[in-house]
Structures are given as structure tokens and as C-alpha cells.
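Numbering (the working numbering), first residue to last: 4 to 191.
This is the structure in C-alpha cells:
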């Protein structure tokens with residue numbers, strides 16, 4: 004169904020007439036009860052590319068923070084392979100922090116600076132991912148934060164929205180083979 008557009012008191016009003024939506028409840032004990040409910044999605048972002056261009060600079064600003072990773076140097080010196088180095092960073096981070104989500108204000112979407120995360124000793128998935136990215140970059144390993152939808156509830160035709168993402172992990176390009184090593188620092 005397509006909405007009708009009306010102008011009222013200087014505002015644009017979209018009206019969407021839908022037939023009665025059927026709801027087939029399942030027992031609450033089955034996973035993903037919310038996936039059974041009818042849904043209506045909307046967004047002010049015109050495209051996924053637009054959304055990425057808006058979000059990227061927010062993360063880049065956080066990644067400009069340069070915390071002290073000198074305590075990690077001995078473990079990184081012993082690590083021989085990419086996987087060993089990544090594991091050293093994730094182990095070090097899990098020893099220094101705990102995974103705790105506090106979604107207040109911008110913190111629901113924008114990661115906290117790595118220095119702040121390390122000083123306070125906790126962070127959510129975005130926070131731990133940017134610390135991991137910065138630690139790897141500090142030791143010369145290219146790494147990038149990656150937003151993902153871990154719930155599996157994102158429909159193929161989803162509208163561009165930050166609501167499509169519920170987790171952040173780390174993408175590390177491998178030198179050989181061109182594939183990517185995906186790392187979740189919240190699950191060491």
C-alpha cells in the first residue's frame with residue numbers, strides 16, 4: 004500500500020490505509036515472538052549509503068582518540084599470526100573491561116572514546132569494538148568497526164535506518180585470500 008500525502012497546518016501528513024492485519028500468536032516460549040507481529044517501518048534516510056555517510060564521521064571522531072596501549076606490547080610481541088594478535092587484543096581487553104550496555108543519549112548509537120572505555124572499565128558492543136579497532140591499528144593491523152543485525156529479524160526490504168543494527172563487531176581484512184576475519188570482542 005502506498006500512503007496518501009496531505010498538507011495540514013504547514014506539516015506533511017502521510018496516511019496509510021491497510022486492511023486488517025492478521026496476527027498469528029505463537030507460544031511465548033518460542034524464540035523471536037516479535038517477528039510474528041505485523042510491522043510498519045519508516046525512515047528519513049533516503050538510502051543506506053546516505054546513512055553510512057552520516058554515521059561514518061561520528062565513529063571516525065571517536066576513533067581519533069589515541070589511548071595508551073603500551074601494556075599490550077609484550078603480548079603482541081609474542082603473537083606470531085594475525086589470529087594470535089587478534090586473540091591477544093581481545094584477551095587483554097576482556098581482562099581490563101566488562102561488557103555492559105548503557106544506552107543513554109548519543110551512547111545508544113555513537114561509541115564512547117577508547118580512553119574513556121579503558122578508564123571506566125566497561126563498555127557496550129560499540130565501545131569494545133572501537134577499542135579493539137584502535138588497539139589493532141596501533142600495532143599496524145588494519146581493522147574496522149562493523150554494524151550488524153544479529154537478531155536475524157531484518158527483512159530483505161528493510162528501510163535504511165539505524166534500527167536495522169543491533170550489534171557492532173570488528174572486521175579485519177586478511178592479507179592472503181582477500182577474505183575478512185570477523186571478531187566480536189564481547190564474546191572472547
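Quick reminder that beta carbons are idealized off the backbone N, C-alpha and C, glycines included.
Cut-off 8 Å between Cβ atoms - residues of its own chain near residue i, not counting five sequence neighbours on either side
| i | result |
| --- | --- |
| residue 177 | 85, 183, 184 |
| residue 12 | none |
| residue 110 | 127 |
| residue 91 | 75, 78, 79, 81, 82 |
| residue 96 | 131, 134, 135, 138, 188, 191 |
| residue 49 | 163 |
| residue 99 | 121, 124 |
| residue 51 | 163 |
N-terminal and C-terminal residue of the beta strand (DSSP E) that residue i is part of
| i | result |
| --- | --- |
| residue 9 | 7-11 |
Residues of its chain near residue i, where Cβ-Cβ distance is below 7 Å and the 5 sequence neighbours each way are ignored
| i | result |
| --- | --- |
| residue 76 | none |
| residue 136 | 66, 146, 147, 148, 173 |
| residue 193 | A query on residue 193 cannot be resolved here, the shown segment of the chain reaching from 4 to 191 and no further. |
| residue 140 | 146 |
Whether residue i touches residue j by CB criterion (7 Å)
| i | j | result |
| --- | --- | --- |
| residue 18 | residue 7 | yes |
| residue 22 | residue 70 | no |
| residue 132 | residue 171 | yes |
| residue 154 | residue 169 | yes |
| residue 188 | residue 93 | yes |
| residue 167 | residue 152 | yes |
| residue 163 | residue 73 | no |
Start-to-end residues for the alpha helix (DSSP H) that takes in residue i
| i | result |
| --- | --- |
| residue 79 | 76-81 |
| residue 191 | From DSSP, residue 191 is part of no alpha helix (DSSP H); its letter is neither H nor E. |
| residue 17 | First-last for residue 17: 14-18, but that is the beta strand (DSSP E), not the alpha helix (DSSP H). |
| residue 55 | 51-66 |
Counterpart residues of residue i in DSSP-defined beta bridges
| i | result |
| --- | --- |
| residue 186 | 173 |
| residue 149 | 172 |
| residue 126 | 102 |
Supposed close pair residue i, residue j - CB separation, criterion 8 Å
| i | j | result |
| --- | --- | --- |
| residue 103 | residue 87 | Not quite, the Cβ-Cβ distance comes to about 28 Å (not below 8 Å), so this is no contact. |
| residue 144 | residue 175 | 7 Å |
| residue 114 | residue 186 | Rounded, the Cβ-Cβ distance is 15 Å, inconsistent with contact. |
| residue 161 | residue 44 | 6 Å |
Own chain partners of residue i with C-beta closer than 6 Å, once the 5 adjacent residues on each side are dropped
| i | result |
| --- | --- |
| residue 16 | 9 |
| residue 68 | 116, 117, 118 |
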